[in-house]
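In short: position in the sequence shown from 1, add 59, done, that's this note's numbering. Beneath this line is the structure, given in structure tokens, with notes to follow.
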Amino acid sequence: MSVSAGVKCSLSWCSAVLLGLALAACSRVPEPAPGPVQVGRDAAEAQAPLSLIPAPVQVTRRAGTLRIGAGTVISIPVNDADTLQAATQLAALVQRTRGLVLPVRAEAEATPGSVRLQPDPQAPVEQAEGYALDVSAQGLEVRARDAAGVYYGAMTAWQLMTPDAARGEVQVPIVQIRDWPRFGWRGQHLDVARHFLDVDTVKHVLDAMALHKLNVFHWHLSDDQGWRIEIKQYPKLTEIGAWRTPPGAGTHGVPQRVGGFYTQDEIRDIVAYAAERHITVLPEIDMPGHARAAVAAYPDEVGVDGVRTEVGTNWGVDPYLFDTSPRSLQFIRNVLDEVLALFPSTYIHIGGDEAIKDQWEASPTIRAQMKQLGVKDAHAMQGWFNEQLAQYLTAKGRRLIGWDEILEGGLPANASVMSWRGIEGAVSAAQKGHDVVLAPAGWMYLNYPQTARADEPAGPYDALPLSRVYELDPVPAALTAEQGKHVLGVQGALWTEYVTSPWHVDHALFPRLAAVAEVAWSSMQARGWDGFLARLPAQLQRYRALGIDASDTAFAADITLDGGRNAVLDGQPGKVVLGNQLKAGQIHYTTDGSAPTFASPRYSAPFAITLPVTVSAAVFADDGLPLAATRTQRFDDATLRRYGTHDLRKCPDGGLGLRTPLLPDMTAADTPLFDVDLFHACWIVPAAHLDGIAGLRVEASRLARNYGLAHDQSKVVGYPAKTAHGELEVHLDQCSGPLLARVPLPAGDTLGEQFELQASMTPRSGTHDLCLRYTAPITGPLPAVGAVHLIPAATPSPAGAH
Numbered sequence: 060m061s062v063s064a065g066v067k068c069s070l071s072w073c074s075a076v077l078l079g080l081a082l083a084a085c086s087r088v089p090e091p092a093p094g095p096v097q098v099g100r101d102a103a104e105a106q107a108p109l110s111l112i113p114a115p116v117q118v119t120r121r122a123g124t125l126r127i128g129a130g131t132v133i134s135i136p137v138n139d140a141d142t143l144q145a146a147t148q149l150a151a152l153v154q155r156t157r158g159l160v161l162p163v164r165a166e167a168e169a170t171p172g173s174v175r176l177q178p179d180p181q182a183p184v185e186q187a188e189g190y191a192l193d194v195s196a197q198g199l200e201v202r203a204r205d206a207a208g209v210y211y212g213a214m215t216a217w218q219l220m221t222p223d224a225a226r227g228e229v230q231v232p233i234v235q236i237r238d239w240p241r242f243g244w245r246g247q248h249l250d251v252a253r254h255f256l257d258v259d260t261v262k263h264v265l266d267a268m269a270l271h272k273l274n275v276f277h278w279h280l281s282d283d284q285g286w287r288i289e290i291k292q293y294p295k296l297t298e299i300g301a302w303r304t305p306p307g308a309g310t311h312g313v314p315q316r317v318g319g320f321y322t323q324d325e326i327r328d329i330v331a332y333a334a335e336r337h338i339t340v341l342p343e344i345d346m347p348g349h350a351r352a353a354v355a356a357y358p359d360e361v362g363v364d365g366v367r368t369e370v371g372t373n374w375g376v377d378p379y380l381f382d383t384s385p386r387s388l389q390f391i392r393n394v395l396d397e398v399l400a401l402f403p404s405t406y407i408h409i410g411g412d413e414a415i416k417d418q419w420e421a422s423p424t425i426r427a428q429m430k431q432l433g434v435k436d437a438h439a440m441q442g443w444f445n446e447q448l449a450q451y452l453t454a455k456g457r458r459l460i461g462w463d464e465i466l467e468g469g470l471p472a473n474a475s476v477m478s479w480r481g482i483e484g485a486v487s488a489a490q491k492g493h494d495v496v497l498a499p500a501g502w503m504y505l506n507y508p509q510t511a512r513a514d515e516p517a518g519p520y521d522a523l524p525l526s527r528v529y530e531l532d533p534v535p536a537a538l539t540a541e542q543g544k545h546v547l548g549v550q551g552a553l554w555t556e557y558v559t560s561p562w563h564v565d566h567a568l569f570p571r572l573a574a575v576a577e578v579a580w581s582s583m584q585a586r587g588w589d590g591f592l593a594r595l596p597a598q599l600q601r602y603r604a605l606g607i608d609a610s611d612t613a614f615a616a617d618i619t620l621d622g623g624r625n626a627v628l629d630g631q632p633g634k635v636v637l638g639n640q641l642k643a644g645q646i647h648y649t650t651d652g653s654a655p656t657f658a659s660p661r662y663s664a665p666f667a668i669t670l671p672v673t674v675s676a677a678v679f680a681d682d683g684l685p686l687a688a689t690r691t692q693r694f695d696d697a698t699l700r701r702y703g704t705h706d707l708r709k710c711p712d713g714g715l716g717l718r719t720p721l722l723p724d725m726t727a728a729d730t731p732l733f734d735v736d737l738f739h740a741c742w743i744v745p746a747a748h749l750d751g752i753a754g755l756r757v758e759a760s761r762l763a764r765n766y767g768l769a770h771d772q773s774k775v776v777g778y779p780a781k782t783a784h785g786e787l788e789v790h791l792d793q794c795s796g797p798l799l800a801r802v803p804l805p806a807g808d809t810l811g812e813q814f815e816l817q818a819s820m821t822p823r824s825g826t827h828d829l830c831l832r833y834t835a836p837i838t839g840p841l842p843a844v845g846a847v848h849l850i851p852a853a854t855p856s857p858a859g860a861h
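So, in structure tokens, the structure goes:
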């Protein structure tokens, strides 16, 4: 047999081992000595937690270990393609992360001391996708009643072989594991419509999902900003709908057009690649809303008014809907015919979210259709629209699933609901007898930043910490036991309005995907935040070995002053406080500008500093391996009087806060970022120390106002301007307080333009909030503040200031 037949691997994981595996299958390599069991270890070792994520249902440790080293065989049954696939991937992972080449051998009986993957209809775990894993003197054995269980057992075996960052042979603990998933739907969503991500990036996400025992890849393939799937009957969907001209095109490295799409051959390849990892690909074609790209391509066939538009460049909500005419519905059926031919999934996701009904309500034709159908309003019309799709899918042997807005117009009988606006949609649907999947934004939207740190990338303003993801119980307490059976499972979601690169995909997903996995797989009895946190460092080392660029911000050192900056400006001795979001790891620091090591002083309490000084801090696990890279903070008079964009407060509280890049389609990790409130061009400098301050220097910018607010547009507040281009106003204490300064804005409306404003003001004493607000027209670029500098009276004005 050939071990490479029918086996596909990510190049980054498998190319180095395929030759070795083929040789192992064709010729018997010398038998390695059986892995010796080390006995007599302290009994406490047998109780030490294993660094396994997600946490297994049952783990029984015993004293001793099994040696696995170069040449240890991965043994599989003869003529078993599924188990060969699992073994090949296991071998690739071990070589990548441990540096060991483990030959795969097809044989009737396991080689002594080997890693045996064994399908077994009598395996002791009866549950679907479950497995039994036993490590003993005879070797490591995985048994399962189905191929998925064998695969997941192999992933657990890999984790047992990678308890740390060491290379070479490993002592695997003697252990018995009985494990199975809590939910059958364990998913991760990826939006490729807002920003197109190439095939390699999609496969990278699939590889990572497989490691975490996730089994549904929700692929968001269409939206206002792009159509990403080749449809042969309608080539303009990708010729036109897959491309957009971004704001600021041709400047700051932004191309003249952005986009892309997947050919049908590429989609078949990805679906097959996912299947080899026991992942089902769930396609989403968003309807009736989020349809602008389709309308741009075929306005006569699917547009409500037949007027051609451009592919969307705004995030948020656009008003474009699919028409409800027979012609439009036939277009959709034709598209779905090709979609179904590519995706074998039982479910097809039709979106259904954020479909504002303005176009339908304004259309005499649709109003007449509603009257003829006896449909009471536009929400019910969406229910009728969904029913047409459900009937089509049912006839094809498939099922409809959509976001929780599909509840509003009445659900088709066999439709399922994906609840994103909290858990209420899931509760309502389950109580009505419909199956549900939990993907609530407040727990599972991984495009939100991981922390409130200033070095997080672009995205929504509010943070979604790792602990918040972990705390979700996907079965709402409001459901009875019988209603709870309608909960199919849970999934994370990654929307890509501000995720523009593979680096940002990794930063957003990891390590939070580990928490998603444990929420989806592990029983509530097996879960526990402290245990998860203790198991996470080993997972971070695995990520590094696999080239996964996981975020370290939850572990990263926060470097602040005891009592804040004003205490030091008042002449009090400076003391530095170090900490991190997770309150985990050892923090080591320096004050001489050098990078901290594990041998540097360990932080235990606030320590005194003398200005000027540069404090650097890094976070390590107890074994000295890094948990977060070095962070550095300079303390001197200038930095104490500088307020970065993330130091400023929104005013008023509430609004719609975002951390936006200089231009929407910039991909560099060091892109300048600005915290803005789309409703208020207003910021508060909190508790500014004004003694001896004669003015302000403001780093300002003009950003793209590319956010579709739909019916919330009326919430955008404009402030009256006194000059042609508006001004920057500075008010004392609050935005209705005394005016301290008014600086005219320079002419121009170039997006991505950065400039400085200098404001002189009468000296004040004491500590005061300062309100900064722009009076620029709300129809033009979005004004932003990058930083505010308090300028002492003795400091000369910088050259070139406006």
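Heads up, the beta-carbon is just placed ideally off N, CA and C, and yes, glycines get one too.
Among the options, nearest to residue i - alpha-carbon criterion
i	options	result
residue 372	304, 417 and 267	304
residue 159	750, 441, 187 and 128	128
residue 569	215, 601, 437 and 224	601
residue 727	559, 696 and 635	559
residue 684	255, 325, 716 and 644	644
residue 711	446, 736, 116 and 395	736
residue 867	157, 188 and 842	Any answer about residue 867 is impossible in this case: the structure gives the chain only from 60 up to 861.
residue 839	809, 815 and 814	809
residue 117	487, 235 and 404	235
residue 377	413, 669 and 454	413
residue 177	141, 186, 148 and 242	141
Per DSSP, the bridge partner or partners of residue i
i	result
residue 321	288
residue 685	679
residue 770	In DSSP, residue 770 forms no bridge with anything.
residue 282	285
residue 232	124
residue 754	819 and 850
residue 694	672
Beta-carbon proximity list for residue i, same chain, < 6 Å, skipping 5 on both sides
i	result
residue 608	562 and 565
residue 538	489
C-alpha gap between residue i and residue j, whole angstroms
i	j	result
residue 126	residue 654	37 Å
residue 385	residue 425	11 Å
residue 584	residue 200	25 Å
residue 703	residue 844	8 Å
residue 826	residue 351	50 Å
residue 788	residue 375	29 Å
residue 851	residue 800	16 Å
residue 592	residue 280	34 Å
residue 100	residue 578	Low confidence applies here, because residue 100 scores a pLDDT of 41, under 50, leaving its location unreliable; read the following figure in that light. Taking the straight line from one Cα to the other gives about 33 Å.
residue 509	residue 277	22 Å
residue 406	residue 330	14 Å
residue 395	residue 557	29 Å
residue 124	residue 223	15 Å
residue 620	residue 707	17 Å
8 Å Cβ shell around residue i - same chain, five flanking residues per side excluded
i	result
residue 493	470, 474, 475, 476 and 545
Proximal residues to residue i (C-beta, below 7 Å), its chain only, five neighbours per side dropped
i	result
residue 785	804, 833, 834, 835 and 836
residue 482	497, 499 and 535
residue 701	846 and 848
residue 723	305, 306, 763 and 765
residue 542	489 and 490
residue 853	none
residue 7	Within the shown structure, residues of the chain are numbered from 60 to 861, placing residue 7 beyond reach of any answer.
- Query: Taking contact to mean at least 3 C-beta pairs separated by less than 8 Å, is the region 650-658 in contact with the region 670-684?
  - Reply: yes
Review point. Any chance the region 599-615 sits against the region 131-143, with 3 or more Cβ pairs inside 8 Å?
Key: no
*asked:* Using 8 Å as the cut-off, can you tell me whether the region 729-746 makes contact with the region 826-844, which would need three or more C-beta pairs spanning the two stretches below that distance?
replied: yes
message = For the structure I just gave you, are there three or more beta carbon pairs, one from the region 547-555 and one from the region 492-500, closer than 8 Å?
response = yes
Exercise. Does the region 586-601 come close enough to the region 208-216 that 3 or more CB-CB pairs lie under 8 Å?
Worked result: no
Quiz item: Touching or not, the region 813-824 and the region 754-774, by the rule of three or more beta carbon pairs under 8 Å?
Solution: yes
Should the region 242-254 be called in touch with the region 309-316, which here means at least 3 C-beta pairs below 8 Å? no
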